[in-house]
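Colleague:
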Amino acid sequence: MVAGDPWQGGATAAVLQYVDGLSGLGHEVLVVEPVAPAALDGAGPVAAYFGSLAPLAGRAALLARDGGGTLGLPYAEVERFAREADVLLNVSGMLRDERLLEPIEVRVFLDLDPGFNQVWAAEGFDFGLDRHTHCASVGTRIGAADCPIPTLGRAWIPTLPPVALPRWPEGDGAGRAWTSVGNWRSYGSPSHEGVRYGQRAHSLRRLLELPRRSGARFELALGIDPGERADLAALAENGWGLLDARAVAATPGAYGEFVRGSRAELGVAKEGYVVSRGGWFSDRSAAYLASGRPVVAQDTGFGAALPTGLGLLSFDDVEAAAAAVETVEGDLDRHRRAARELAVEHLDASRVLPALLERVAVPEPRSSLIVD
Numbered sequence: 003m004v005a006g007d008p009w010q011g012g013a014t015a016a017v018l019q020y021v022d023g024l025s026g027l028g029h030e031v032l033v034v035e036p037v038a039p040a041a042l043d044g045a046g047p048v049a050a051y052f053g054s055l056a057p058l059a060g061r062a063a064l065l066a067r068d069g070g071g072t073l074g075l076p077y078a079e080v081e082r083f084a085r086e087a088d089v090l091l092n093v094s095g096m097l098r099d100e101r102l103l104e105p106i107e108v109r110v111f112l113d114l115d116p117g118f119n120q121v122w123a124a125e126g127f128d129f130g131l132d133r134h135t136h137c138a139s140v141g142t143r144i145g146a147a148d149c150p151i152p153t154l155g156r157a158w159i160p161t162l163p164p165v166a167l168p169r170w171p172e173g174d175g176a177g178r179a180w181t182s183v184g185n186w187r188s189y190g191s192p193s194h195e196g197v198r199y200g201q202r203a204h205s206l207r208r209l210l211e212l213p214r215r216s217g218a219r220f221e222l223a224l225g226i227d228p229g230e231r232a233d234l235a236a237l238a239e240n241g242w243g244l245l246d247a248r249a250v251a252a253t254p255g256a257y258g259e260f261v262r263g264s265r266a267e268l269g270v271a272k273e274g275y276v277v278s279r280g281g282w283f284s285d286r287s288a289a290y291l292a293s294g295r296p297v298v299a300q301d302t303g304f305g306a307a308l309p310t311g312l313g314l315l316s317f318d319d320v321e322a323a324a325a326a327v328e329t330v331e332g333d334l335d336r337h338r339r340a341a342r343e344l345a346v347e348h349l350d351a352s353r354v355l356p357a358l359l360e361r362v363a364v365p366e367p368r369s370s371l372i373v374d
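Under the numbering used here, the first residue of the sequence shown carries the number 3, and numbering increases by one thereafter.
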C-alpha cells in the first residue's frame, strides 16, 4: 500500500494516517512493506515513488518477500527495531518473516478488507492468523448475527479508519463536482456459503442513472481497464465524468488536493462490503469528512458505529442515493460543518488508535511496527 504499487496516493495516504496518528501520540514508528524482489531496483518506478515520500524518510523499508534485501532502512535496522517494538500492526498478515515477527509480544492482524480476507482464509489461504495475538478489522460488525463474514473462530476487534487531522485541513470553496477515487475491479469475486463478494464494478452498475436522477455533477477518479468498453460506454452515456486516478491522485499530496477540491464524495463500496453487512467504512471517506466534504456512502452497516444523517448519509439503491445527494445539496454548508465535526468526534487518530491499542492490552506503547 505504501509504494509496492506506486503512484497510488490514496493507498499511501491510508497508511500515513496510522503513521502520523501514532507519531502524534509520541510513538516511534517504523513502516515495512513486503514487495517482490524486483521492486528493490533502485532505478525502477517503485524506488522512485518510495523516495518521494518525505513523511517516511528514515523510518520505512521495502522488504523483499524472499527475505533479507531492503530498500530504505537496511534489514539489520529493521530487525533491531522489531526486537524493541511494543506492538506490530500487520495489514492482512503481509509480514511473514519470523525473525521480525517473533520478538514482538503483541502482534495484531489488521484487516482493512473485511469479508474478502476472511472468505479467502475460510477457503484455505494461509494469512498466518495463528502467528498473531489479536485480530482487528475495520469491518465493525463481524460476528453480528446478520453478518455472514466467517469469524474463523476469532474475536475481531472493531476499529474505525483513523484520520490524522493535521494532514487534512478543511477545503476552501464549494467544489464543482461530487467525486471519489477507486478501482473498478481489484481482484476476483469469491463466494462463500452462497454469498458472492463482488467488486465496485457490480455496485456502480446499479447506480448508472444517478447523475440524471439527482441532477448533480459526478467525476470519478476511476482505475478501469480500457478493455471494459461496454461499461465505459454506459458510464459516459449516463453522464459520469471519468478521471485518470493516477493523473489526479498519484501522490498523497495530490490526493489530498483532489479531496479538498471536491464538492462532496459519493462512496461506492465493493459489492462484497455491501452484501456482507460487515460495517466497512472507507479510509477515503474518512479523509473527505475530515476535509469538510460531506459523504453519501453505500450502506455496509457502518451506521452501527458512526452517526448518519448530517455530513454522512447512507444509501442502499439509486433512488436513495439521489435523495441523499439532493439532501446534501439543499444545505451544503451545514453538511460540510457536520462532516468535519463527525471526523473530529469519531475518526480522529488521537481517539481511534489509543482505543485500539487499549483493546490489545498495550495502552502506552512507544515503539510500533506497521506492515502494509
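Just so you know, even glycine gets a beta-carbon here, dropped at the ideal spot from N, CA and C.
Are at least three pairs of beta-carbons, each pair with one atom in the stretch 69-80 and one in the stretch 29-40, less than 8 Å apart?
Modeller: The stretch 69-80 is in contact with the stretch 29-40.
Colleague: Using 8 Å as the limit for Cβ to Cβ distance, is G305 near chain B?
Modeller: No chain B is part of this structure, which consists of one protein chain only.
Colleague: How many whole angstroms separate the CB atoms of L90 and L371, which I take to be in contact at a CB cut-off of 8 Å?
Modeller: Taking the sequence shown and counting its residues from 1, the one referred to as residue 90 is at position 88. Taking the sequence shown and counting its residues from 1, the one referred to as residue 371 is at position 369. So it is a contact: roughly 5 Å between Cβ atoms.
Colleague: Which whole-angstrom value is the C-beta distance of A271 and T310, which I expect to be below 8 Å?
Modeller: Working through the sequence shown from its first residue, we reach residue 271 at position 269. Working through the sequence shown from its first residue, we reach residue 310 at position 308. With 8 Å as the limit, A271 and T310 do not qualify as a contact, their Cβ atoms being about 14 Å apart.
Colleague: Put A271 into one of helix, strand or coil per three-state DSSP.
Modeller: By 1-based counting over the sequence shown, the position of residue 271 is 269. DSSP places A271 in coil when its eight states are reduced to three.
Colleague: Give the straight-line distance between the Cα atoms of E172 and G255, rounded to the nearest whole angstrom.
Modeller: Mapped onto the sequence shown, residue 172 falls at position 170. Mapped onto the sequence shown, residue 255 falls at position 253. Near 14 Å, if we compare the C-alpha coordinates of G255 and E172.
Colleague: Would you kindly report the start and end of the unbroken alpha helix (DSSP H) that includes E343?
Modeller: For this step, residue 343 is matched to residue 341 along the sequence shown. That run of the alpha helix (DSSP H) goes 334-344.
Colleague: Could you tell me the boundaries of the alpha helix (DSSP H) in which Q19 lies?
Modeller: Locating residue 19 in the sequence shown gives position 17, counting from the first residue. Start and end: 11-26.
Colleague: When the distance is taken between beta carbons, is V362 closer than 8 Å to V108?
Modeller: Locating residue 108 in the sequence shown gives position 106, where the first residue counts as 1. Locating residue 362 in the sequence shown gives position 360, where the first residue counts as 1. Cβ atoms of V108 and V362: closer than 8 Å.
Colleague: State buried or exposed for G44, treating a residue as buried only when at least 16 other CB atoms are found within 10 Å of its CB.
Modeller: Here residue 44 refers to the residue found at position 42 when the sequence shown is read from its first residue. It is exposed - the Cβ of G44 has fewer than 16 other Cβ atoms within 10 Å.
Colleague: Rounded C-beta distance between R338 and P367? I'm assuming under 8 Å.
Modeller: Residue mapping note: residue 338 aligns to position 336 of the sequence shown, counting from 1. Residue mapping note: residue 367 aligns to position 365 of the sequence shown, counting from 1. About 36 Å separates the two Cβ atoms, so there is no contact after all.
Colleague: For the alpha helix (DSSP H) that Q120 lies in, which residues bound it at each end?
Modeller: Counting from one through the sequence shown, the residue named residue 120 turns up at place 118. 118-124 is the span of the alpha helix (DSSP H), which, as asked, contains Q120.
Colleague: According to DSSP, is L206 helix, strand or coil?
Modeller: For the purposes of this step, residue 206 is taken as residue 204 along the sequence shown, with counting starting at 1. Helix, per DSSP.
Colleague: Whole-angstrom Cβ separation of A345 and V165, contact assumed at under 8 Å?
Modeller: As a first step, residue 345 must be located in the sequence shown, where it is residue number 343. As a first step, residue 165 must be located in the sequence shown, where it is residue number 163. At roughly 5 Å, the Cβ-Cβ gap stays under 8 Å, so A345 and V165 are in contact.
Colleague: Excluding sequence positions up to five away, which residues of its chain have a Cβ less than 7 Å from the Cβ of L97?
Modeller: Numbered from its first residue, the sequence shown carries residue 97 at position 95. Only V34, P36, L103, V373 meet the Cβ criterion.
Colleague: Within 10 angstroms of the Cβ of T253, are there 16 or more other Cβ atoms? Answer buried if so, exposed if not.
Modeller: As a first step, residue 253 must be located in the sequence shown, where it is residue number 251. T253 should be labelled buried.
Colleague: Could you compute how far the alpha carbon of G70 sits from the alpha carbon of D128?
Modeller: Here residue 70 is taken as the residue at index 68 of the sequence shown, counted from 1. Here residue 128 is taken as the residue at index 126 of the sequence shown, counted from 1. Straight-line Cα distance between these residues: approximately 22 Å.
Colleague: Which whole-angstrom value describes the C-beta separation of A307 and G281, a residue pair presumed to lie in contact below a C-beta threshold of 8 Å?
Modeller: Position 305 of the sequence shown, counted from the start, is the residue given in the question as residue 307. Position 279 of the sequence shown, counted from the start, is the residue given in the question as residue 281. Indeed they touch by this definition, with Cβ atoms about 6 Å apart.
Colleague: Classify P39 as buried or exposed, calling it buried when 16 or more other Cβ atoms lie within 10 Å of its own Cβ.
Modeller: As a working note, residue 39 is residue 37 in the sequence shown. So P39 ends up on the exposed side.
Colleague: Would a C-beta distance cut-off of 8 Å place G294 and S284 closer than the cut-off?
Modeller: If you number the sequence shown from 1, residue 294 lands on position 292. If you number the sequence shown from 1, residue 284 lands on position 282. Not closer than 8 Å, so no.
Colleague: Any chance you could list the alpha helix (DSSP H) runs of at least 4 consecutive residues sitting entirely within the stretch 90-166, in chain order?
Modeller: Complete alpha helix (DSSP H) runs here, min 4: 100-103, 118-124.
Colleague: I need the boundaries of the alpha helix (DSSP H) containing G243, first residue and last residue.
Modeller: In the sequence shown, counting from the first residue as 1, residue 243 sits at position 241. Unbroken run through G243 is the beta strand (DSSP E), 243-245; no alpha helix (DSSP H).
Colleague: Measuring straight from C-alpha to C-alpha, what distance separates E100 and Q10?
Modeller: Taking the sequence shown and counting its residues from 1, the one referred to as residue 100 is at position 98. Taking the sequence shown and counting its residues from 1, the one referred to as residue 10 is at position 8. The straight-line gap from Cα to Cα measures roughly 29 Å.
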